[in-house]
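Report on the following structure.
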Amino acid sequence: MSAIVCAIRGGPASQPTIRRAIALALETSLPLHFLYVVNLDFLSSTS
Numbered sequence: 002m003s004a005i006v007c008a009i010r011g012g013p014a015s016q017p018t019i020r021r022a023i024a025l026a027l028e029t030s031l032p033l034h035f036l037y038v039v040n041l042d043f044l045s046s047t048s
């Protein structure tokens with residue numbers, strides 16, 4: 002494994018995932034990348 006990728010949607014429900022990804026990155030000394038997922042259909046329907 003060369004890096005850790007953590008996909009999140011944001012909000013309070015993402016906090017445990019974020020904390021675990023950070024802990025794993027610290028344990029393994031691997032780079033950590035966050036992938037923020039956005040629902041474009043939802044965004045386009047709000048305007």
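For what it's worth, my numbering labels the leading residue of the sequence shown as 2, then goes sequentially.
Cβ coordinates follow ideal geometry from the N, Cα and C atoms, glycine included.
If you're wondering where the values come from, they're calculated on a predicted model, not measured in any experiment.
Excluding residues up to 5 positions away in sequence, I5 lie with their Cβ nearer than 7 Å to the Cβ of L25 in the same chain. Nearest to Y37 by alpha-carbon distance, out of M2, R10, S3, is R10.
Following the DSSP letters along the chain, one finds A8 inside the beta strand (DSSP E) bounded by residues 5-9.
Under the three-state reduction of DSSP, L31 is assigned to coil, being neither helix nor strand. Cβ-Cβ separation between A22 and L31: approximately 10 Å, too far for a contact (criterion under 8 Å).
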